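Residue numbers (the numbering used here): 1077 to 1548.
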């Protein structure tokens, strides 16, 4: 019997589920006779207007008829992970993130190393790809998976191609059917599914002529392939300069090599921008290339719908433009002297420093941008999402006078917003920094809201204690 998903954590008041009598603690087993294995099944089958929901309550089985509008949500929130039975990765990619982690258990003591245990799970699950944009290799799909993809039209997917040359992909991915990536993408197209693709580039592995070949092969598969992104390999102190068999030594790109990659990709971008009605370049460079070379970021129109923003493609441009639209809401002054510290990664610090110029204009506010060096993974890891709680905490404590407000990127935390990578909890982190107010922010508006709150500006149209800047 297939494993089931569907423990109800909460029922939205006045929703169709509430009116039908569903309650927290119920286990949704089926919808219109279809077993609910995971969130994908739920979303697919819940779309109908009439639903016969089978559920368990206190070990007794029940059924209820629910009627709702075609666009109306059922109104249940589930208490499990969206796809609790993760399809794990069978590949041995040369640049795998797991190889960049410390050993899970310390060699001498045999005790856990202190990292979140979920980090050591290698997922390669097409359901996660559809739901959250996770990249998958398509190497582990069985015939039943292809049938489900066809039935439920889980589109678009996000596919890690890396290289289209079969021999090199077998070496780089080292997994079942790794050399058949073009055939797999073609099969997706035959069942009406499109995909966004990425190539993690490694010096001497899949760049140069192989990069040209990969781009041309994927262009030939349009419109099945909706976009291509090129991302530089990210290596920690645990796997940098790693040598595997007869493959080149794993290392990071130099600035000069990154310039070559940009020039190589820009050739294709110019062709598409000139020929496509919407000027879509189709082939994208992740933000790291522009940071490595200190080049200016392309304008927003270059990124179109930002289809690969979660892959670091256009994230910086989006933030810059979002800040430009939002900064008029900054308070003009604090009612009394205040200090704010903005924590960031070493890579993003030049951009954050530039945005912080607007914050530094606020009267009575002493503002500092604090780039944190990644000591746990090594200084070569420069993104905020891989900063550990202890490194951030040490940097703040060594920084001297505590701030009244400490702003940190939300991406440092897990999905629930409660733990850093090194398993330090937000509660523990905040306790060490008392009495400072600590806020984890996702974007420019949340950053500005935190500063407005520090200034005593109340949300919801209530009396404002401080006038708001009118400048753009």
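Glycine included, every Cβ here is placed at the ideal spot set by N, Cα and C.
Note that this is a predicted model, so its numbers are computed, not measured.
At least 8 Å separates the beta-carbon of residue 1149 from that of residue 1124.
A straight-line Cα-Cα distance of about 10 Å links residue 1426 and residue 1445.
Per DSSP, reduced to three states, the secondary structure at residue 1288 is helical. In the DSSP annotation of this structure, the continuous segment of the beta strand (DSSP E) that includes residue 1447 starts and ends at 1439-1448. Looking at the backbone, the Cα of residue 1380 and that of residue 1459 are separated by about 24 Å.
For residue 1112, the number of other beta carbons within 10 angstroms of its own is at least 16, and it is reported as buried. Leaving aside the five residues that flank residue 1236 on each side, the residues in its chain whose CB is nearer than 6 Å to its CB run, in chain order, 1211, 1213, 1274.
Within its own chain, the residues whose Cβ lies closer than 6 Å to the Cβ of residue 1234, once the five positions on either side in sequence are excluded, are 1205, 1209, 1211, 1272, listed in chain order.
Secondary structure of residue 1433 (DSSP, three-state): helix. By the criterion of at least three beta-carbon pairs nearer than 8 Å, the region 1483-1495 is not in contact with the region 1449-1458. Under the three-state reduction of DSSP output, residue 1359 falls in the strand class. Between the region 1463-1476 and the region 1399-1408, the count of Cβ pairs shorter than 8 Å is below three; the stretches do not touch. The bridge partners DSSP lists for residue 1525 come to none. Membership of residue 1516 in the beta strand (DSSP E) is indicated by the continuous run 1513-1517.
Judged by their CB atoms, residue 1151 and residue 1094 are nearer to each other than the 8 Å cut-off. Shown here for residue 1319: same chain residues with a beta carbon closer than 6 Å to its own, the five before and five after excluded, namely 1325 in chain order. Residue 1517 has its alpha-carbon roughly 25 Å from the corresponding atom of residue 1370. Out of 1491, 1524, 1529, 1479, the CA that lies nearest to the CA of residue 1506 is found in 1479.
DSSP places residue 1340 in the helix class (H, G or I) of the three-state scheme. Contact check between the region 1275-1292 and the region 1307-1318: three or more CB pairs, one atom from each, fall below 8 Å, which counts as touching. Within the region 1201-1240, the runs of beta strand (DSSP E) at least 3 residues long that lie entirely inside it are, in chain order, 1233-1236. Beta-bridge analysis with DSSP links residue 1369 to no other residue.
Each residue's CA atom was taken as its position, placing residue 1316 and residue 1413 some 45 Å apart. Comparing alpha-carbon positions, the option among 1418, 1527, 1391, 1475 lying closest to residue 1440 turns out to be 1527. Distance from residue 1248 to residue 1282 at the Cβ level is roughly 6 Å; contact confirmed, criterion being Cβ atoms closer than 8 Å. For the pair residue 1392 and residue 1105, the Cα-to-Cα distance works out to about 43 Å. Looking at the backbone, the Cα of residue 1178 and that of residue 1422 are separated by about 22 Å. A residue is called buried when at least 16 other Cβ atoms come within 10 angstroms of its Cβ; residue 1322 does not meet this threshold and is exposed.
Sequence-distant partners of residue 1126 (beyond 5 residues in either direction) whose C-beta falls short of 6 Å from its own C-beta, in its chain, are 1143. With fewer than three CB-CB distances shorter than 8 Å, the region 1362-1369 does not count as touching the region 1346-1354.
Taking 8 Å as the cut-off, the Cβ atoms of residue 1389 and residue 1360 count as close. Taking C-beta separations shorter than 6 Å and ignoring five residues to either side along the sequence, the partners of residue 1096 in its chain run 1140, 1142, following chain order. In this structure, the CA atom of residue 1244 is about 19 Å from the CA atom of residue 1296.
Put simply, the backbone Cα of residue 1329 is about 22 Å away from that of residue 1385.
Residue 1267 and residue 1226 do touch by the CB rule: their CB atoms are close to 4 Å apart, below 8 Å. Around residue 1377, the same chain offers 1355 as residues with beta carbons nearer than 7 Å, after the five sequence neighbours per side are excluded.
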